[in-house]
Amino acid sequence: LRSDAPQRIIDAIERAGFIQDSDVLDTWFSSGLWPLSTLGWPDPSKFPESKGMLEAFNPSTVLSTAREIITLWVSRMVMFNRYFTGGGTPVSTPGQVPFRNVFIHAVVQDGDGKRMSKSAGNGVDPLDIISSHGADALRFTLCQMTTQTQDVRLPVTRDPTTGKNTSPKFDVGRNFCNKLWNAARFALGMLNAPAASSASSPRSLDPLLPRSLSLTDRWMLSRLYNTIAEVNASLKDYQFAGYAQAMYDILWRDFCDWYLEAIKPTVAESAGQRAVLAHSLETIVRLLHPVTPFVTEALWEHLRTIETAPVAGFTLVPSRVNGLLATAGWPVLDASLRDEHAERDFARVQSLVNMIREVRAQHQVVTRRRITLHAPKTLLDELRVSGGLDYVESLAGLESAVDTSVAASAASLTATIRFESFDLVLSNLADKADSGAEKERLERELADRTKAVSLITKRLENPGYMAKAPAKLVEESKAQLAAFDAEIKVLTEQLEKMG
Numbered sequence: 001l002r003s004d005a006p007q008r009i010i011d012a013i014e015r016a017g018f019i020q021d022s023d024v025l026d027t028w029f030s031s032g033l034w035p036l037s038t039l040g041w042p043d044p045s046k047f048p049e050s051k052g053m054l055e056a057f058n059p060s061t062v063l064s065t066a067r068e069i070i071t072l073w074v075s076r077m078v079m080f081n082r083y084f085t086g087g088g089t090p091v092s093t094p095g096q097v098p099f100r101n102v103f104i105h106a107v108v109q110d111g112d113g114k115r116m117s118k119s120a121g122n123g124v125d126p127l128d129i130i131s132s133h134g135a136d137a138l139r140f141t142l143c144q145m146t147t148q149t150q151d152v153r154l155p156v157t158r159d160p161t162t163g164k165n166t167s168p169k170f171d172v173g174r175n176f177c178n179k180l181w182n183a184a185r186f187a188l189g190m191l192n193a194p195a196a197s198s199a200s201s202p203r204s205l206d207p208l209l210p211r212s213l214s215l216t217d218r219w220m221l222s223r224l225y226n227t228i229a230e231v232n233a234s235l236k237d238y239q240f241a242g243y244a245q246a247m248y249d250i251l252w253r254d255f256c257d258w259y260l261e262a263i264k265p266t267v268a269e270s271a272g273q274r275a276v277l278a279h280s281l282e283t284i285v286r287l288l289h290p291v292t293p294f295v296t297e298a299l300w301e302h303l304r305t306i307e308t309a310p311v312a313g314f315t316l317v318p319s320r321v322n323g324l325l326a327t328a329g330w331p332v333l334d335a336s337l338r339d340e341h342a343e344r345d346f347a348r349v350q351s352l353v354n355m356i357r358e359v360r361a362q363h364q365v366v367t368r369r370r371i372t373l374h375a376p377k378t379l380l381d382e383l384r385v386s387g388g389l390d391y392v393e394s395l396a397g398l399e400s401a402v403d404t405s406v407a408a409s410a411a412s413l414t415a416t417i418r419f420e421s422f423d424l425v426l427s428n429l430a431d432k433a434d435s436g437a438e439k440e441r442l443e444r445e446l447a448d449r450t451k452a453v454s455l456i457t458k459r460l461e462n463p464g465y466m467a468k469a470p471a472k473l474v475e476e477s478k479a480q481l482a483a484f485d486a487e488i489k490v491l492t493e494q495l496e497k498m499g
């Protein structure tokens, strides 16, 4: 009974024959002994299987828990551990703490910021997510959500098929795991394909020096070096969202979107590219294993048998005897692989390719159509010297890149772009004979934008609207007007060039 219980209740209970046990301890008392009692304390001889465990695991490294039991549990473990490892008497010298670091994880709430509970029906069962999305998808999503805030929100929806609660956030984890699987299978297909006769056997090669590799290979190695440094720092500081984001960027954006696409035409003929491809994939798989152990372990079974030339400065401890990625070492890259020049030069390639792709999309140029880039000789020479011109041609779908002195065919549709300080022309976007449909499309877009500008202008010229509308809404209207004006200018220029 509580100490402040009314006397009439105490009397009634005693008359019924109930007696209060004088030896009842606090609910959390036994939990406070957890760092000791689970390891054989106080008499390890009674638990032979725990021999040496107390010395090995007390103190441990990290405790992960929730903020509401810091006082109830964490503080008591610290007090009990210091007391009993220090001699177990009030006059003893305090002993050791049971752990060095305490990670207080966030509370997962629903989309409205309410605590999840079974009674409220707003909870998500992890087992349901494992069934629908996979364990790795669940783990990656939660890792990505683990920011330094006290609470995180997880929008909850009802799955119409199963009738169980789920969340669209887990789609991020599933898509990421699918991307990893598909990219790895694609890369393994490249690595397992017969090498061209011009590609040296990896067994006969000395370690590849970075300076002997192509621009895209040096860029990929440098990105891996930076990613490992970022991952190590994030994990050390318990920045799990930073770790997840770093892995998302290196896999999805760098490895898939750029590196795999860049090496497609040449990997079969280059022992260097095959080596960097294998090392890159293995590094990514090793780095991802803590958060996605199942898919990476499955890929490891295929990846660990790949033989390629070694890369100088790249340390991947084999640990392949028993075939488990879980026992493989953490990747280590020498600082010599960090290449700021390669990152700068390839960033330039990416920027130019993105601009050309944007023009292709605007003009609805089909993928198979090859276009021509007309650029100043200075820019072409710079790209050629850095090793980036070939990648611009292959990634942007160019037939060729020529000096601006080479005039575009009068029978083709052209577009002008501004790249850095250079004016560039893209030709052969469409044949003039087939440009009628393109002209009609541009005219429709111009009419739509002009109509939108007229409506927004009238709205902003209305005194009543300007007086009553929220300032934020007025600013949004002005921003829309500026954006539409810019689009009208571009569309008008394109139509003028078409004649």
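At position 283 of the sequence shown (counting the first as 1) the number is 283 in my numbering, and the numbers step up by one without a gap.
We put the beta carbon where it would ideally sit given N, CA and C, even for glycine.
By how many angstroms is the C-alpha of residue j removed from the C-alpha of residue i?
| i | j | result |
| --- | --- | --- |
| Gly17 | Arg158 | 51 angstroms |
| Tyr83 | Arg76 | 10 angstroms |
| Arg369 | Gly397 | 7 angstroms |
| Arg139 | Leu491 | 47 angstroms |
| Lys169 | Asn178 | 15 angstroms |
| Met247 | Leu287 | 8 angstroms |
| Pro126 | Gly173 | 13 angstroms |
| Leu54 | Thr38 | 9 angstroms |
| Trp33 | Ile19 | The amino acid occupying residue 33 in the given sequence is Leu; Trp does not appear at that position. The straight-line gap from Cα to Cα measures roughly 28 angstroms. |
| Val406 | Pro290 | 55 angstroms |
| Val453 | Asp339 | 47 angstroms |
| Ser351 | Gly313 | 29 angstroms |
| Ala471 | Lys478 | 11 angstroms |
| Ala482 | Gln109 | 40 angstroms |
| Ser234 | Gly242 | 6 angstroms |
| Gly40 | Phe80 | 15 angstroms |
Apply the 10 Å Cβ neighbour rule to residue i and answer buried if 16 or more other Cβ atoms are within range, or exposed otherwise.
| i | result |
| --- | --- |
| Gly87 | exposed |
| Gly388 | buried |
| Arg15 | exposed |
| Asp390 | buried |
| Leu316 | buried |
| Asp254 | buried |
| Asp112 | exposed |
| Pro265 | exposed |
| Gln7 | exposed |
| Ile250 | buried |
| Gly272 | buried |
| Lys489 | exposed |
| Thr308 | buried |
Assuming residue i is part of the beta strand (DSSP E), what are its boundary residues?
| i | result |
| --- | --- |
| Arg349 | The sequence given here places Val at residue 349; Arg does not occur at that position. From DSSP, Val349 is part of no beta strand (DSSP E) but of the alpha helix (DSSP H) over 340 to 362. |
| Phe419 | 415 to 419 |
| Leu398 | 398 to 403 |
| Arg374 | Note that residue 374 is His in the sequence shown, not Arg. Segment 371 to 375, the beta strand (DSSP E) holding His374. |
| Thr65 | 60 to 65 |
| Arg153 | 151 to 154 |
| Phe422 | 422 to 427 |
Quick one: give me the first and last residue of the alpha helix (DSSP H) that residue i is part of.
| i | result |
| --- | --- |
| Arg100 | Here Arg100 belongs to no alpha helix (DSSP H); instead the beta strand (DSSP E) covers 99 to 104. |
| Leu224 | 215 to 236 |
| Ser505 | Because residue 505 is not part of the residues shown, which for the chain are 1 to 499, the question remains open. |
| Val108 | That residue, Val108, is in no alpha helix (DSSP H); its beta strand (DSSP E) goes 107 to 110. |
Here's a check: name, in chain order, each residue in its chain whose Cβ is nearer than 6 angstroms to the Cβ of residue i, leaving out the five neighbours to either side.
| i | result |
| --- | --- |
| Pro310 | Pro207 |
| Tyr465 | Arg459 |
| Ser336 | Gly313 |
Apart from the five residues just before and just after residue i, which ones in its own chain have a Cβ nearer than 8 angstroms to its Cβ?
| i | result |
| --- | --- |
| Phe103 | Val62, Leu63, Ser64, Thr65, Tyr238 |
| Ser60 | Pro35, Pro98, Phe99, Arg100 |
Within the same chain, show all residues whose beta-carbon is closer than 7 angstroms to that of residue i, passing over the 5 residues directly before and after it, in chain order.
| i | result |
| --- | --- |
| Glu445 | Leu491 |
| Val353 | Val392, Leu395, Ala396 |
| Lys468 | none |
field: Sufficient close CB pairs (3 or more, under 8 angstroms) joining the region 328 to 340 to the region 217 to 235
entry: At 8 angstroms Cβ cutoff, the stretches touch.
- request: Determine contact between the region 363 to 378 and the region 416 to 433, defined as no fewer than three beta-carbon pairs at a distance below 8 angstroms.
  value: Flag = yes, the region 363 to 378 and the region 416 to 433 touch.
- prompt: Within the chosen definition, does the region 276 to 295 reach the region 214 to 223 through at least 3 CB pairs nearer than 8 angstroms?
  reply: Taking a cut-off of 8 angstroms on C-beta distances, the region 276 to 295 touches the region 214 to 223, as three or more cross pairs fall below it.
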